Structures are given as structure tokens and as C-alpha cells.
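Below: the structure, in C-alpha cells.
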Amino acid sequence: MKKKFPLAACLAAAMVLSAGPAVTVVTSAAAASTAAGGKFVVSFSGTPEAATAAIEAAGGTVEDVISQIGVALVTAADGEFMDEVRSGSGIRGAARNHSVGVSRQGMPHHYAGERLDATDRAQARSAGVAGNPSTSSPGPHAEPLSGLQWDMEMIGATPDGAWDEATGKGVDVGIMDTGIDASHPDIAPNFDAERSRNFTTDIPDIDGPCEYTDCKDPADVDNDGHGTHVAGIVAAADNDFGIGGVAPEATLVNVRAGQDSGYFFLYETVKALVYAGDIDLDVVNMSFYTDPWLYNCTSRDEYVSGTVSDAQLTEQRLISELVLGAVKYASDRGVTLVAAAGNEHTDLAAPTRSDATSPDYPPNTAQPRVVKNTCLDLPSEAPEVISVSSVGPSGTKADYSNYGFGEVEVAAPGGWFKDYFGTPQFQTPGNLILSSYPLQAAIEQGLADAAGNPVDGFSIKHCDDGKCGFYTYLQGTSMASPHAVGVAALIIQERGKSTGDGGYALDPEAVARVMLGTADDRACPVGGVEDYTDEGRTTDWNATCEGTAENNGLYGEGIVDAEEAVS
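Residue numbers (my numbering): 28 to 594.
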């Protein structure tokens with residue numbers, strides 16, 4: 028459970044845990060992966076020099092150090108390294124960052140749920156939307172594809188709405204994701220190449236062959252596409268081309284922490300957060316959770332059922348310690364942090380949480396478990412983070428979106444393919460979120476043919492004066508979060524204090540107060556339950572809504588309102 032921002036009420040209720048199977052404690056690191064070497068994260072309390080000595084004595088080699096919060100990235104050939112280094116002077120803890128020699132077989136892509144499967148695409152084609160969606164006429168001074176952006180209309184991020192007061196100019200936004208394609212025509216005008224960084228190194232076992240000799244992608248590349256889609260939602264440029272973002276003149280800084288495969292490992296995540304604080308970013312979007320645990324527990328008492336080894340519990344403790352510490356580090360330096368609530372259709376306020384996917388790395392090692400809600404989804408449940416649920420074009424919570432009274436701060440457009448049941452709009456691409464996408468990634472993923480043309484109505488290729496940009500429709504809380512980030516950028520420009528260099532500064536708590544205080548209230552459904560059975564879901568997808576019209580578990584303080592936030 029997470030601490031709330033000033034306007035978000037807490038639910039104080041007794042929580043009774045139902046009886047369940049006993050927890051199995053595995054006292055040895057039994058998983059095969061733990062016997063091998065690989066990359067390790069070591070937390071230390073002393074000096075980097077003392078930590079290096081302890082690490083080397085245990086057989087490790089220090090690759091990198093984050094001295095600001097006492098963390099080192101270490102390579103070791105022996106899986107016993109963790110046990111040995113923990114006894115070293117000044118060492119707080121150690122855990123695996125990732126293994127070597129794991130197989131990609133059976134490994135699902137992290138964002139597979141946001142890219143509709145073949146069945147959903149076939150349903151859309153049978154509904155008569157096999158080609159590009161028709162483009163409705165944009166308003167005056169609007170971008171050519173703005174007629175397809177119901178999301179911007181919903182939150183008032185339009186030329187005659189919020190942009191009359193603020194456009195995000197002078198506000199620096201970090202995109203902590205799979206990268207940003209800086210060559211995209213809607214991204215290039217706002218991209219800051221000088222301060223952008225890629226904190227990951229490609230791992231061929233899981234990411235595929237390295238595109239560069241050092242397996243290090245440049246900071247202006249996105250081989251996956253997810254990060255570029257997120258970046259476009261935040262700040263696609265107001266340049267009479269393609270689409271417009273929520274804050275179309277904000278500066279985009281790539282602080283990449285995600286692998287090509289979609290994994291976000293601990294060290295890269297922590298390094299990106301600390302860097303965001305050090306370079307004084309104003310806002311950072313985080314549409315991910317830190318692998319390999321969906322929920323991180325710190326004691327065996329938090330396991331209601333399931334199997335946990337000593338090594339696994341240590342890993343979860345270290346993830347909690349370091350991610351919470353890095354989040355606080357960035358927040359204390361003025362960074363407003365916003366995260367996706369998650370796509371597991373889970374009530375995060377319920378006493379327990381079921382998890383059948385962890386650990387998700389190495390692949391095929393997941394062990395079903397039920398844990399208490401004190402086991403955290405990070406970074407979204409960190410106290411300083413604004414957590415965002417997702418709504419479709421009707422304003423209804425999307426079936427996949429996580430929720431929970433006291434857990435979700437606000438809602439935002441994230442798209443919902445199954446919205447508008449019983450109408451021609453049901454199961455159509457236009458219910459999703461349209462945003463920028465790297466052309467090469469689209470070709471490799473089968474979204475475009477070899478010539479770069481869309482293969483179905485879920486993507487658009489827009490060209491003007493010899494210049495082309497590719498766009499695709501996705502859905503998820505990953506798409507909801509950047510809408511809130513864009514609103515935060517507008518708030519900082521409009522209400523922040525000038526820094527004298529063309530920028531602005533506003534305390535993260537002040538940003539949250541304005542965002543939450545100006546969000547459009549959305550009440551619980553009649554009867555208190557959002558029922559998704561008409562849309563083809565089983566009853567376990569139904570969402571019980573707790574709270575009031577002003578603040579509840581489905582929508583938090585309401586749906587973000589860009590226009591109201593700057594008026």
C-alpha cells in the first residue's frame with residue numbers, strides 16, 4: 028500500500044486475510060540460473076573504494092558505481108558470489124541483475140498486451156476497418172491527424188484548450204522506457220540529444236543480435252517502439268505534421284532503462300532515476316515495472332501462498348530498497364514522477380494480490396503465489412509517484428487497467444479496444460491511442476510491409492513534402508501515464524517559477540496538488556461494480572469501485588484535465 032498525495036484520501040479499513048495454502052520456504056537458491064554467473068547489483072554503505080575491495084575479494088569485478096546512493100554493478104563468474112560478498116565490510120546486500128546464457132524460448136514480449144493479438148485484429152478487419160482509419164478533419168491550427176486523437180480532446184490538450192495558456196515550452200521531460208526514435212518527424216523538433224542517455228546494454232540471449240559492435244544502442248534509437256509511442260503522447264511537436272502531444276513544445280530527454288525485449292532490470296532503472304535527478308529533469312514517465320517481480324515482498328510473512336527461496340526474497344528486498352531510494356533521490360531534487368498503474372486488472376487495494384508471472388526472468392521460471400498488498404509494484408507504488416489508471420474514449424475504466432482506492436491517484440486516456448459495446452465503434456482501432464512509432468520497428472514487428480506501408484487499420488503512414496512518419500494504435504496504462512506527464516509539464520510551465528534560463532521549477536507535491544485538484548470527477552458506476560462480461564470477459568475482470576464521486580478506486584481524483592490545470 029502506498030502513501031497518498033495531499034488530495035488523495037486513505038482507506039482505513041481492517042483487512043482480514045483468508046486462509047490459504049502454506050508458504051513453501053526454499054532455503055537454497057535452487058533455481059538453475061542462480062548457479063551461473065552474470066551481472067549482480069551490490070548495495071553498500073561505505074565508500075566506493077571500500078565496496079570495490081569487498082567485491083573483488085568475493086570474486087567480482089565492478090563495472091559501474093552509482094555513488095550517490097551506494098550501488099554497484101558487478102560481473103562475477105561464480106553464482107556463489109552473492110553469498111560471499113554479503114559478508115564484506117560495508118555491504119548492505121546483493122542480488123542478481125540478470126543471468127547469462129538464458130534462452131528466449133517461451134519468453135513473451137513485455138508489451139504484448141498493448142499490441143493487440145491476431146484475433147483482435149481479425150475482428151477489427153471483419154468489422155470493415157482493414158485499411159487506414161479515415162481521418163476526420165482537424166480543427167483550425169491543429170495537426171493533420173488530430174481528428175483521430177480523441178484522447179487530446181478528452182483532456183483539453185488542444186489549440187483552443189490548454190495550449191492557449193501553456194505548451195510545455197521550457198519543461199524537460201524524461202522518458203524512461205525502451206528508447207526514443209529521434210529521427211521521427213514528430214519527435215525530432217523536441218528531442219534533446221545532448222542530455223539523452225541509454226543505460227542499457229543489449230543482451231543477445233533475450234534482446235536478439237546486437238545492432239552495434241558494443242551492443243550499446245545510441246541514445247536516439249528505439250528498436251522496440253514502446254518508448255517512441257510514449258514520447259509522442261507527451262510531446263509530439265506542433266509542426267503541422269502528424270499528431271500533437273499533450274505538451275507539444277516540451278523537451279524530450281531519453282533516459283532509457285528498458286531492454287529491446289522490454290525488460291527493466293534493477294541497476295539500469297536505478298541509474299536512470301538518479302541521472303534524472305542529477306540533470307534536473309522536471310517530469311519523468313515510467314510505464315513499466317522493475318523486473319523480475321511484479322510485486323516485491325520484504326518478508327516471508329507477506330506470502331499467503333507460494334514458493335520463495337532465500338535468494339528470491341533477498342532479491343525482492345533489494346529491489347524495494349534501491350528503487351524506493353532512487354525514486355526519493357529524484358523526487359527530492361524536484362523531479363515529478365508519474366507511472367502506469369499496470370495492466371493486470373487487479374484491485375491493488377485488496378488485502379491480497381495473485382501473481383502468476385513472477386519471476387518473469389529468466390523465462391519460464393514463474394511460480395504462482397498470493398501475497399499481501401504490502402508487496403509493492405515498483406516504481407508505481409512508491410510514495411512519491413503519481414499512479415495512473417486507464418480509460419477508454421467513453422471515459423470508462425478499461426477492463427485491463429489496475430485500480431484501487433488509495434492506490435490510483437488519477438485516470439487518463441489509455442485506450443480500450445472493447446469500449447462502446449453494442450455500437451459500431453466496438454473493437455475498432457480508433458478506440459486505442461494513436462502515437463508515433465519507429466518505422467523500422469514497425470516493419471520488424473509486422474505492423475508495416477517492407478516498403479513501410481501499414482498492413483492494417485491499426486497503423487498510419489503520414490507523408491508531407493517528401494517527409495513521412497509512422498504511427499500506430501496501442502492501448503494500456505503505458506499510454507495513460509504519459510497523458511498525465513504531459514499535463515504535469517503544462518502545469519510546471521504555467522505555475523512554476525522561472526529558473527532564469529528559459530526553464531521552470533515547481534515542487535513535485537505542488538504539481539500533484541494541481542493535477543489531482545483539477546482532474547474531472549468520475550463517479551463509480553451504478554451498483555458499485557464495473558461489469559465487463561458484455562465485452563467477453565469473465566467475472567474475475569469485474570471491478571468493484573470503492574470511494575466517492577470525487578475520489579474512488581477506479582479513477583482516483585478523476586480524469587486529468589489539461590485545460591483546467593492551466594486555467
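Ideal Cβ placement from N, Cα and C applies to all residues, glycine included. In this text the structure is predicted, and so the values were computed from the model without any measurement.
Indicate whether residue i and residue j have their beta-carbon atoms separated by less than 7 Å.
| i | j | result |
| --- | --- | --- |
| L364 | V412 | yes |
| L308 | G195 | no |
| R540 | L533 | no |
| G513 | A169 | no |
| A284 | A299 | yes |
| A189 | A515 | no |
| W443 | P386 | no |
| V69 | V92 | no |
| L345 | A78 | no |
| I487 | V198 | no |
| S505 | S288 | no |
| A468 | G252 | yes |
| V280 | A353 | no |
| D561 | N569 | no |
| Y356 | N124 | no |
| A439 | A507 | yes |
What are the boundary residues of the alpha helix (DSSP H) that residue i is part of?
| i | result |
| --- | --- |
| D491 | It is not in any alpha helix (DSSP H) - D491 instead sits in the beta strand (DSSP E) that spans 486-491. |
| K298 | 293-305 |
| V482 | Looking at the DSSP string, V482 is not in any alpha helix (DSSP H), and its letter there is neither H nor E. |
| L351 | 337-359 |
| G513 | 504-522 |
| I260 | 253-262 |
| R283 | Careful: R283 lies outside any alpha helix (DSSP H), inside the beta strand (DSSP E) at 278-283. |
| Y178 | One detail in the question is off: residue 178 reads as Asp in this sequence, not Tyr. Looking at the DSSP string, the run of the alpha helix (DSSP H) that includes D178 is 177-182. |
| G544 | 535-545 |
| L466 | 466-471 |
| P231 | 231-234 |
| F108 | 108-112 |
| T79 | 75-84 |
What do you get for residue i, buried or exposed, if any count of 16 or more other CB atoms within 10 angstroms of its CB means buried?
| i | result |
| --- | --- |
| D426 | buried |
| P236 | exposed |
| D178 | buried |
| G128 | Low confidence applies here, because G128 scores a pLDDT of 49, under 50, leaving its location unreliable and the question unanswered by this model. |
| N391 | exposed |
| P509 | buried |
| R131 | Because R131 sits at a pLDDT of 39, beneath the cut-off of 50, its placement in the model cannot be relied upon, and the point is left open. |
| A104 | exposed |
| D213 | buried |
| G555 | exposed |
| C490 | exposed |
| A56 | For A56, the pLDDT reaches just 31, beneath the cut-off of 50, and the residue's location in the model is therefore unreliable, leaving the point undetermined. |
| A592 | buried |
| D208 | buried |
| P451 | exposed |
| G158 | In this prediction, G158 has a pLDDT of 40, which is less than 50 and means its spatial position is unreliable; what the coordinates show is noted afterwards. Exposed, because fewer than 16 other Cβ atoms sit within 10 Å of the Cβ of G158. |
| T54 | Note that T54 scores a pLDDT of 29, beneath 50, so its modelled location is shaky; the value from the coordinates is reported in the next line. Looking at its Cβ environment, which holds fewer than 16 other Cβ atoms inside 10 Å, T54 is exposed. |
| V619 | Outside the displayed span of the chain (28 to 594) sits residue 619, for which this structure offers no information. |
| G155 | The predicted model places G155 with a pLDDT of 46, which falls under 50 and marks its position as unreliable; any figure quoted below should be read in that light. It counts as exposed. |
| E141 | buried |
| P395 | exposed |
| A576 | exposed |
Relative to the C-alpha of residue i, which candidate in the options has its C-alpha closest?
| i | options | result |
| --- | --- | --- |
| V482 | G473, C490, H489 | G473 |
| Y582 | A215, D476, G441 | G441 |
| A277 | C242, F218, Y559 | F218 |
| K424 | I586, G197, I207 | I586 |
| N312 | T205, D446, S210, D191 | T205 |
| P231 | C242, V415, Q176 | C242 |
| G419 | V257, D318, P456 | P456 |
| E536 | T240, E471, E436 | E436 |
Over what stretch of residues does the beta strand (DSSP E) that includes residue i continue unbroken?
| i | result |
| --- | --- |
| K399 | 396-399 |
| I586 | Premise fails: I586 is in no beta strand (DSSP E) and is neither H nor E. |
| G65 | 65-71 |
| E141 | Segment: none, E141 is in no beta strand (DSSP E) and carries neither H nor E. |
| E408 | E408 -> no beta strand (DSSP E), and no H or E assigned at all. |
| E434 | Neither: E434 is in no beta strand (DSSP E) and is coded neither H nor E. |
| C495 | 494-501 |
Looking at the C-beta of residue i, does it have a partner C-beta in chain B at a distance below 7 Å?
| i | result |
| --- | --- |
| I413 | Among the chains in the structure shown there is no chain B, since it carries only a single protein chain. |
Quick one: is the Cβ of residue i within less than 6 Å of any heavy atom of the ligand MG?
| i | result |
| --- | --- |
| T499 | The ligand MG is absent from the structure shown, which contains no ligands of any kind. |
Exercise. Assess, as a yes-or-no matter, whether the stretch 221-237 is touched by the stretch 327-341 under the definition of 3 or more beta carbon pairs within less than 8 Å.
Key: no
Self-check item: At least 3 beta-carbon pairs within less than 8 Å: the stretch 491-505 vs the stretch 454-464
Solution: yes
Self-check item: Touching by the beta-carbon criterion (3+ pairs, under 8 Å), the stretch 80-90 and the stretch 109-122
Solution: yes
Quiz item: Is the stretch 242-260 touching the stretch 320-328, taking contact as three or more C-beta pairs under 8 Å?
Solution: no
Quiz item: Do the stretch 430-446 and the stretch 362-377 touch if we need at least three Cβ pairs shorter than 8 Å?
Solution: yes
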